[in-house]
Each structure stands twice: as C-alpha cells, then as structure tokens.
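Contents: one structure, followed by commentary.
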Amino acid sequence: MQNTVRDYQVDKNKIKDFLNEFEIDTADGYKASKYVKQLRNLANREQTTLVIDIDDIATIDPELADAIIENCRRYTQLFSQVVQEMLPELKDKEIQNKDVLDVYIEHRTLMEQRMHHNSDEARDPMNRYPEELMKRFELYFRVPQTQKFLSVRQVKANHIGKLISVKGVVTRTTEVKPMISVGTYTCDICGAETYQPITSPTFMPLVMCPSQDCVTNKSGGRLSLQTRGSKFIKFQEVKIQEQ
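Numbering (the working numbering) for the sequence shown: 3 to 245.
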C-alpha cells in the first residue's frame, strides 16, 4: 500500500456508514445488520466487546481495510470514537448492573450539566473527561482470512502499529491483572479533579494540581489518586517462541 495522507474525518464518516449499513444473509434468506444489534447491546451494557472483521470492511472499501491493517492502533481509536458517539442513540433501556465507575460517571455528568446550566465558563482543559474514561467497551479487529502468518523472527520494527498474525509456541503467560488506563486525581486544596490517560504498563503519577485556582493562587495543591474514579482494564503478557 502506498503511503498516502488519510483524511480521518472522512474515514470516520465511512466507519459510521459501515457500522450502520453492513448486512449479512440470514438462514431464512433475509438480510440483517451485522453490527447494529451488537452496538445496541454495547449501549445497554449487555455486551462489552466488539470485534470488527477486516474482510467485511474490504467488501465495502478495500482502501479503508488496507489503511486499518497499516495503522491499526490509530483506526482502533477512530472506530472506538465513532462507536462511542453512536451508543447514546441506540440505548433503549436502563443499565441494571451498575458498577462503581458507572455511578461515578453519572454523578460527575450531572454535576457538569448543572455547572454549564448555571454558568457559561469553560472548564479547565486538564479536568475535561478523557474519552477513554467514558468508553465502557473494548474493540478489536479480526485479521483477513488471507493474511499470512509471520514467524517470531520475521516481526520487525516496521510492523509496530500494524495488524499482523504471528505463529509460534506460547511458553509463558502471566495472570490476568488490572492495569490502569485513566488515573483520576483529587486536589487536597481546591478539590478539583484531574485526569491522566495512561497508555503503557508503567507511568509517573501526577503530583501537583494543575487547576487554574491552584496555579493562580500558588496554593501548591497536591494530588491524590482516587482508585474509585479511575479506570482499569485487563492486562496479560504472553511470551512466544519459534515453532
């Protein structure tokens, strides 16, 4: 595939059309949407994982399918953004089994609505909600059936970020553990909340409050990590070797 500059906004529109319109043949001879029902299940918290088949995308837009394979991480973000935007319209029932993060998000959303209702003042950018905190699903791509497997030694630096298939022998796996993906902090002086998106297994916790109040007043507020308002995802390491 040639290196071309992609218009991500155009691609997001294509992604939305694909999710809404892609159909498959049913056993009784009719056509049914493959992804809309799954999106509705995500909205109602009856499903937590969405798997997108690259082969499905290739039948509609081969160039988009190639772009996903070449830049999988970026397109995982784009698909997740589109799905997140679609979910509110698809939600048709109240969530029954709410967890701690659900309650936290609802409480903060109500506070946000009241604040904007009574004031036009913009929020401190550091205190805006990260999209990862609001996202309550995981999204993955299924590789094309025609994609060839790579051996471990064939995986090079130029494969970083791409969607590939690797063939090998699993020699060791770790236990599934929680890994923080968004850290939520509270200032001990002004009470402002600060959010830290985390994209690696290790991170440096924030210490000083960056809110406008603390900066202006030179209060020196210190941040405390609030595990209840932070988001954790499942994490596991798998080690493989050549067959």
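From the three backbone atoms N, C-alpha and C, an ideal C-beta is built for every residue, glycine too.
Note that this is a predicted model, so its numbers are computed, not measured.
Residue from 29, 204, 83 with nearest C-alpha to residue 10 = By one-based count along the sequence shown, residue 10 stands at place 8. Of the candidates 29, 204, 83, the one whose C-alpha sits nearest the C-alpha of residue 10 is 83.
Inter-residue spacing [alpha-carbon to alpha-carbon] between residue 148 and residue 57 = Counting from one through the sequence shown, the residue named residue 148 turns up at place 146. Counting from one through the sequence shown, the residue named residue 57 turns up at place 55. Distance between the alpha carbons of residue 148 and residue 57: 9 Å.
Are residue 2 and residue 232 closer than 8 Å when you measure CB to CB?
-> The structure shown has nothing for residue 2, since the chain only spans 3 to 245.
Reference residue 238, options 142, 174, 132, 102, closest by Cα | Residue numbering aside, residue 238 sits at position 236 when the sequence shown is read from its first letter. For residue 238, the nearest C-alpha among the options comes from 174.
Please report the Cβ distance between residue 172 and residue 242, rounded to the nearest whole angstrom; I am assuming they are in contact, meaning their Cβ atoms lie under 8 Å.
-> As a first step, residue 172 must be located in the sequence shown, where it is residue number 170. As a first step, residue 242 must be located in the sequence shown, where it is residue number 240. Indeed they touch by this definition, with Cβ atoms about 5 Å apart.
Please list the segments of the beta strand (DSSP E) lying wholly inside the region 23-92, counting only runs of 3 or more residues, in order along the chain.
-> The region 23-92 contains these whole beta strand (DSSP E) runs: 25-27, 33-35, 51-55.
Cut-off 6 Å between Cβ atoms - residues of its own chain near residue 65, not counting five sequence neighbours on either side | Here residue 65 refers to the residue found at position 63 when the sequence shown is read from its first residue. Cβ neighbours of residue 65 beyond the five flanking positions: none.
Using CA coordinates, which residue listed in 214, 190, 226, 219 is at the minimum distance from residue 198?
-> Walking along the sequence shown from the start, residue 198 turns up at place 196. Considering only alpha carbons, the answer is 226.
For residue 110 versus residue 244, is the C-beta distance shorter than 8 Å?
-> Here residue 110 corresponds to residue number 108 of the sequence shown, with the count starting at 1. Here residue 244 corresponds to residue number 242 of the sequence shown, with the count starting at 1. No, Cβ-Cβ distance for residue 110 and residue 244 is not below 8 Å.
For residue 29 versus residue 92, is the C-beta distance shorter than 8 Å?
-> For the purposes of this step, residue 29 is identified with residue 27 of the sequence shown, where counting begins at 1. For the purposes of this step, residue 92 is identified with residue 90 of the sequence shown, where counting begins at 1. Contact flag unset, no.
Count the other C-beta atoms from every protein chain shown that fall within 10 angstroms of the C-beta of residue 88, then say buried if there are 16 or more, exposed otherwise.
-> To locate residue 88, count along the sequence shown from 1; it is residue 86. Around the beta carbon of residue 88, 16 or more other beta carbons lie within 10 angstroms, which makes this residue buried.
Among the residues of its own chain, which have a CB less than 7 Å from the CB of residue 73, if the five just before and after it don't count?
-> On the sequence shown, residue 73 is found 71 positions in, with the first residue counted as 1. Around residue 73: 163.
Can you tell me the Cβ-Cβ gap for residue 140 and residue 50, rounded? I've got them flagged as a contact below 8 Å.
-> As a working note, residue 140 is residue 138 in the sequence shown. As a working note, residue 50 is residue 48 in the sequence shown. Contact flag correct, Cβ pair sits at about 6 Å.
Return the first residue and the last residue of the alpha helix (DSSP H) that residue 209 is part of.
-> Position 207 of the sequence shown, counted from the start, is the residue given in the question as residue 209. Looking at the DSSP string, residue 209 is not in any alpha helix (DSSP H), and its letter there is neither H nor E.
What is the rounded straight-line gap between the Cα of residue 15 and the Cα of residue 70?
-> Here residue 15 corresponds to residue number 13 of the sequence shown, with the count starting at 1. Here residue 70 corresponds to residue number 68 of the sequence shown, with the count starting at 1. Whole-angstrom Cα-Cα distance: 15 Å.
Residue closest to residue 81, alpha-carbon to alpha-carbon, out of 210, 19, 95 = Numbered from its first residue, the sequence shown carries residue 81 at position 79. Minimum Cα-Cα distance from residue 81 among the listed residues 210, 19, 95 corresponds to 19.
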